[in-house]
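So in this note's numbering the end of the sequence shown lands on 847, straight run, no missing numbers. Where a beta carbon is used, it is the ideal one built from N, C-alpha and C, also for glycine. To keep things clear, I will list the structure first and then write my remarks on it.
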Amino acid sequence: MAALLALAVAAACSPEQDGPSQAAGPPEVRGKYDFPSPQPTSRAEMGWLAASCELPVEHLRRIRRGYAAGRSPEMIPVPRAPNFFGGFTTYGHSGPWPYMQRVPLVFYGPGFIRSQGSIAPARPVTVADLAPTLAELLHTTLPEGRPGRPVTEALLPRGRRAGVPRAIVTVVWDGGGTDVLQTWPGAWPVLRDLMASGTSVAGANVGSSPSVTPAIHATIGTGTFPKQHGIVDIPLRIGDRVVADSYGGRSPKYLKTTTLADIFDRSTGGASKVGMLAYKGWHLGMMGHGAGIPGGDKDTAIIVERSNGALVSNPEYYSLPPYLKEVPGFDADIRRVDGDDGKLDSRWLGHDMLEDPAELRHTPVWALYQTRLIKELIRREGYGDDRVPDLFFTNYKQIDEVGHDWNMLNPEERNILEYSDAALGDLVSFLNAEIGRRRWVLAMTADHGQVPAPTATGAWPIHIETFEAWVARHYDVEASELFENQRPLAFWLNMDTVRANDIDLEEMADYILKYTIGDDQEPGQEYPPQYRDRLEEPVFAAAFPSSKLGEIWRCATQ
């Protein structure tokens, strides 16, 4: 049985404080979350196979969906909930647990979507079901064999619809999972109204693990999981090497399956306008390949460049309208955020970051300006102007970035939620005015939840580099020789080193299960008081070679 664990919200930062805000005094309880009960601590005695077989079946199902042979990491350690890979000031969000997996899934569109509020379909619903649901509205069929299924319960019967929508807009709140929304229930009134006046799918989840941005956006776009579409994480293995970025150079070449937009655009002979404005190349999977597939064309894809916020694309596959680089209002958006506290001092919630282009990306300024860019693009390109349906996709990344920087329990997260919600309302009003009521549909979801600060939950944050060094010492090799790349719950091994040292991956998995909080001490680190009597506590629930997933699945489901 899952245990309800009360979470805390750290106190607000001082107005003069720079950097992540810290809790002052006892944390205030803000919400309750359904963490899995901690597994028994004697996993090492069980051995890797027995320990893995005792993982909840639904967790294993998500891990299996996220595994693609030949691309996924060779070793998968699963932390003992609520432990996670990260640190006390660095927070991950990758894993199969419900609090990471649950996301909003909302459909809104008078004339197309039922006005019924929350529904709970009899079957489990994942974000893989979003693309086939939109395909049904477009009278389009995705290829056979894709696991996604249309959420027909959200749709008006065809005979009662206002034809086919002239535009469908998909909005993803990066990191805006259900646990984040529940932490700050008053911060998203617009989304709450859309849930009530459209259809909100209760209990929707990501559906696969790792719950990371590139993988889940490809699932949103294709109606398939990483097992099929091949985007397993930020890195992925291609042959005998590990590629550091699955969308390096903003190229979609590693995305193995077509997206809804790919399929529908070709079915119209390229007459459908398809576009995306997002934060990183990792989001391209929700839109598609552009000209990277036979019969495709250069759909609009705008990426916000990391260092200075410049708008970029990849002209081999996509187009970028030059006028977007001249859209006014950025300075006004800075002033609006700056003046929230009643004074213009280049600070946001006490953080001196409104004069640095790179830092601005981690504030509400970009949520405001991104919406300006979206409106200009839709207006200038004529989305919804004719009877050929158009598709537009966008990702509001700041919710995730702020969570990484300050943690979801701190007031910075509430503030960015408020701004993102207001931007959503601005976008809805614009679509009504520009395209017309009963002519468009909005789909809204998130790609994952976030992890609360470990001191609020009792979680131990597992330090990846410390863990890698501990494993490597066991085999008398350097960590850089043994591990080719790593992500939370994902370790790609240098197979030349494995073979040269006759390393048995099953023995490695057994050894990983022995790793304790006491083994995870970083140089110079002092353990916080609440952990000092837990140093012998193992941190992992399971660890296994990914090639053994089939054997584990059979064992767990018998």
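For this session: Keeping to the same chain, check which residues put their C-beta closer than 6 Å to that of Glu442; ignore five residues upstream and five downstream.
Result: Ile408, Pro410
Exercise. On the three-pair Cβ rule with 8 Å, is the segment 391-407 touching the segment 483-499?
Worked result: yes
For this session: Using the Cα positions of Arg843 and Gly359, report the straight-line distance between them to the nearest angstrom.
Result: 21 Å
Exercise. Counting Cβ pairs closer than 8 Å, one from the segment 409-427 and one from the segment 618-637, do we hit at least three?
Worked result: no
For this session: Could you give the DSSP three-state label for Asp529: helix, strand or coil?
Result: coil
Problem set entry | Within 9 Å, strictly: CB atoms of Ser836 and Leu802 | no
Exercise. Do the segment 564-581 and the segment 542-553 meet, that is, are 3 or more Cβ pairs less than 8 Å apart?
Worked result: yes
Exercise. Going straight from the alpha carbon of Arg762 to that of Asn696, what length do you get?
Worked result: 33 Å
Problem set entry | Terminal residues of the alpha helix (DSSP H) in which Gln622 lies | In the sequence on display, residue 622 carries Asp and not Gln. Here the alpha helix (DSSP H) through Asp622 covers 619-627.
Problem set entry | Cβ-Cβ separation, Ile663 to Leu716 (assumed contact under 8 Å), whole Å | 7 Å
Exercise. How would you label Lys686, buried or exposed, when you count the other beta carbons within 10 angstroms and need 16 or more for buried?
Worked result: buried
For this session: Report the three-state DSSP secondary structure of Ser835 (helix, strand or coil).
Result: helix
For this session: Please say whether Gly598 and Arg650 have beta carbons closer to each other than 9 Å?
Result: yes
Exercise. Ends of the beta strand (DSSP E) at Gly406?
Worked result: 406-408
Exercise. Is DSSP giving Trp749 helix, strand or coil here?
Worked result: coil
For this session: Starting from Met733, follow its DSSP beta bridges and name the residues at the other end.
Result: Val395, Val460
Exercise. Gln659 by DSSP, collapsed to three states: which one?
Worked result: helix
Exercise. Taking all protein chains shown into account, do 16 or more other C-beta atoms lie within 10 angstroms of the C-beta of Pro653, making it buried, or fewer, making it exposed?
Worked result: buried
For this session: Please determine, among Ala370, Phe756, Leu609, Val740, the residue with the shortest C-alpha to C-alpha distance to Asp588.
Result: Leu609
Exercise. Can at least three beta-carbon pairs, one atom from the segment 505-519 and one from the segment 346-355, be found at a separation below 8 Å?
Worked result: yes
For this session: Rank Leu613, Gly570, Ile552 by C-alpha distance to the C-alpha of Pro583 and give the top, closest one.
Result: Ile552
Problem set entry | Whole-number beta carbon distance between Met335 and Gly406, since they are thought to touch under 8 Å | So it is not a contact: roughly 45 Å between Cβ atoms.
Exercise. In three-state terms, what does DSSP make of Ser310?
Worked result: Low confidence applies here, because Ser310 scores a pLDDT of 35, under 50, leaving its location unreliable and the question unanswered by this model.
Exercise. So which of Pro741, Leu713, Pro812, Asp809 has the shortest CA-CA distance to Leu480?
Worked result: Leu713
For this session: Tell me, please, which residues DSSP counts as bridged to Gln775.
Result: Phe780
Problem set entry | Cutoff 6 Å; reference Val501; Cβ partners in own chain excluding five residues on either side | Ser383, Asp522
Exercise. How would you write the range of the alpha helix (DSSP H) that Asn277 sits in, first residue to last?
Worked result: Residue 277 falls outside the range modelled here, since the chain spans only 290 to 847, and no answer is possible.
Exercise. Mapping DSSP to helix, strand and coil, what is Ala830?
Worked result: strand
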